[in-house]
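J.: I am attaching a structure below and will ask some questions about it afterwards.
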Amino acid sequence: MTGLVSGVSLFRNAQHSTWILGLFTLEEKERTIKTAVIESYSSLAKETELAGCCDSSKTDKLLRYGYSAEELASLPESVVAMSDGCGNPTGLGMIREGDVVLDLGSGGGIDVLLASKKVGKTGRVIGLDMTPEMVQRATANAKRMGAANVEFKLGEIEQIPLDDESVNVIMSNCVICLSPDKQKVFQEMSRVLRKGGALAIADEVAVRPFSEEEKGDPGKWCSCITGAVTESRYTEMLEDAGFTEVYLKQLRPSMSGPSQGVFSAFVSAVKPLK
Ligand SMILES: C[S@@+](CC[C@H](N)C(=O)[O-])C[C@H]1O[C@@H](n2cnc3c(N)ncnc32)[C@H](O)[C@@H]1O
């Protein structure tokens, strides 16, 4: 827990003293956020492995998020146990047979494994996550399912380890709200996506902009709350990265509760052909 403790104290110091905040470069601040996020999701991976699966409330939640009972029944229990998204990006109808699909922040691998069935033997699905324990668990989950067309990579969504214009669809499920540099994420998405390719995202969106003080609470940031941006900011950043046909649809109040100032949404967009 040392990493988390040092990350938290940096946040807390920053929250209570603008002088101390002034000592940190933007890079250091972003690294502090990422350390807290990695610690948080590393703990989740370890806890769910110890707890096993699955009480009915978890399955009910996933059904509400748009996964079908058949889809959930087709997955190993460990995949369902580790899922922690806010929608079902594989259900947006973007993924076709033969596609190369990238999942940003793939966690235990639920969406990668469901997409692997849609792309079939001629397609490929890549999961990217910066928490080593998540990548290890997801790789084990894929092996358990005998999914040969998937690969999980360790890395950051702000620096995607893939070639330019190498994927057809990018999905992501409750992850971009955790990034301290969303514009960089959208630029990277635009770089690796082929022309005409699409985004299928489930994410948390802020009702109003969060203050710097609110953003300084690591617990709320790691719970997908105070890292969220508003619908207009989300759209603006996607358009600045070159995406068109941006469509954002509110689904329900936040997965963390109705009064947190965020809502769950689907976001889609395309990279223009020219
Ligand atoms: C809320 S969980 C969602 C996991 C998965 N998408 C799902 O639906 O179950 C967030 C995941 O995103 C990963 N993550 C967060 N920020 C990231 C970043 N900047 N780069 C790569 N992975 C990140 C975390 O390690 C964690 O596994």
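Using the working numbering, the letters of the sequence shown map in sequence onto residues 1 to 274. Every residue gets a Cβ at the ideal spot worked out from N, C-alpha and C, and that includes glycine.
Check whether the region 162-172 and the region 131-147 are in contact - that is, three or more C-beta pairs closer than 8 Å.
T.: No, the region 162-172 does not touch the region 131-147.
J.: If you run the structure through DSSP and keep just helix, strand and coil, what is I126?
T.: As a first step, residue 126 must be located in the sequence shown, where it is residue number 126. Strand.
J.: Which residues in the same chain as N173 place their Cβ atom closer than 6 Å to its Cβ, once the five residues preceding and following it in sequence are excluded?
T.: Sequence index remark: in the sequence shown, residue 173 carries index 173 (1-based). Cβ neighbours of N173 beyond the five flanking positions: G85, P89, D111 and A202.
J.: Helix, strand or coil: how does DSSP classify I38 here?
T.: The residue given as residue 38 occupies position 38 in the sequence shown. Helix at I38.
J.: Could you please give the first and the last residue of the uninterrupted beta strand (DSSP E) stretch that includes M171?
T.: The residue you call residue 171 lines up with position 171 of the sequence shown. From DSSP, the beta strand (DSSP E) with M171 extends over V167 to N173.
J.: Can you tell me where the beta strand (DSSP E) with K153 in it begins and where it stops?
T.: By 1-based counting over the sequence shown, the position of residue 153 is 153. Residues V150 to L154.
J.: What is the DSSP secondary structure of T48, counted as helix, strand or coil?
T.: By one-based count along the sequence shown, residue 48 stands at place 48. Here T48 sits in helix by DSSP.
J.: Please list, in chain order, all residues of the same chain as C177 whose beta carbon is under 7 Å from its beta carbon, the five residues on each side excluded.
T.: Within the sequence shown, residue 177 is the residue found at index 177, counting from 1. Here the set comprises D203, E204, C224, G227 and A228.
J.: Given the structure, does K182 come close to ligand 1, in the sense that its CB is under 7 Å from one of the ligand's heavy atoms?
T.: In the sequence shown, residue 182 corresponds to position 182, counting from 1. It does not: the Cβ of K182 is nowhere closer than 7 Å to a heavy atom of ligand 1.
J.: Do K34 and ligand 1 come close, with the Cβ less than 7 Å from some heavy atom?
T.: Numbered from its first residue, the sequence shown carries residue 34 at position 34. Yes, ligand 1 has a heavy atom inside 7 Å of this Cβ.
J.: Helix, strand or coil for P209, going by three-state DSSP, please let me know.
T.: For this step, residue 209 is matched to residue 209 along the sequence shown. In this structure, P209 counts as coil in the three-state DSSP scheme.
J.: Assuming F243 contacts L199 under a Cβ cut-off of 8 Å, what Cβ separation, rounded to an integer in Å, is found between them?
T.: Stepping through the sequence shown from its first residue, residue 243 is reached at position 243. Stepping through the sequence shown from its first residue, residue 199 is reached at position 199. Yes, they are in contact, since the Cβ atoms of F243 and L199 sit about 7 Å apart, within 8 Å.
J.: Nearest to K34 by alpha carbon, out of L62, Q187, V80 and G216?
T.: Here residue 34 corresponds to residue number 34 of the sequence shown, with the count starting at 1. Comparing Cα positions, the closest option is G216.
J.: If you measure from the CB of D84, is any heavy atom of ligand 1 nearer than 7 Å?
T.: Counting from one through the sequence shown, the residue named residue 84 turns up at place 84. D84 Cβ: within cutoff of ligand 1.
J.: Could you tell me the alpha carbon to alpha carbon distance between A69 and E28, rounded to whole angstroms?
T.: Your numbering for residue 69 matches position 69 in the sequence shown. Your numbering for residue 28 matches position 28 in the sequence shown. Rounded to the nearest angstrom, the two C-alpha atoms are 43 Å apart.
J.: Would I157 and E133 qualify as a contact pair, given that the criterion is a beta-carbon distance under 8 Å?
T.: Working through the sequence shown from its first residue, we reach residue 157 at position 157. Working through the sequence shown from its first residue, we reach residue 133 at position 133. The answer is no: Cβ separation not under 8 Å.
J.: Looking only at its own chain, which residues have a Cβ that is under 7 Å from the Cβ of V262, when we skip the five neighbours before and after it?
T.: Within the sequence shown, residue 262 is the residue found at index 262, counting from 1. The residues are E204, V205, A206, V207, I225, A228 and S254.
J.: Tell whether a beta-carbon distance below 8 Å holds between I95 and K121.
T.: Mapped onto the sequence shown, residue 95 falls at position 95. Mapped onto the sequence shown, residue 121 falls at position 121. In this structure, K121 does not lie closer than 8 Å to I95 by Cβ.
J.: According to DSSP, what are the bridge partners of L102?
T.: For this step, residue 102 is matched to residue 102 along the sequence shown. The partner list for L102 (beta bridge, DSSP) reads I126 and I170.
J.: Count the other CB atoms within 10 Å of the CB of T131; is the residue buried (16 or more) or exposed (fewer)?
T.: As a first step, residue 131 must be located in the sequence shown, where it is residue number 131. Its Cβ being crowded by 16 or more others within 10 Å, T131 is buried.
J.: T25: buried (16+ other C-beta within 10 angstroms of its C-beta) or exposed?
T.: Along the sequence shown, read from residue 1 onward, the residue named residue 25 stands at position 25. Classification for T25: exposed.
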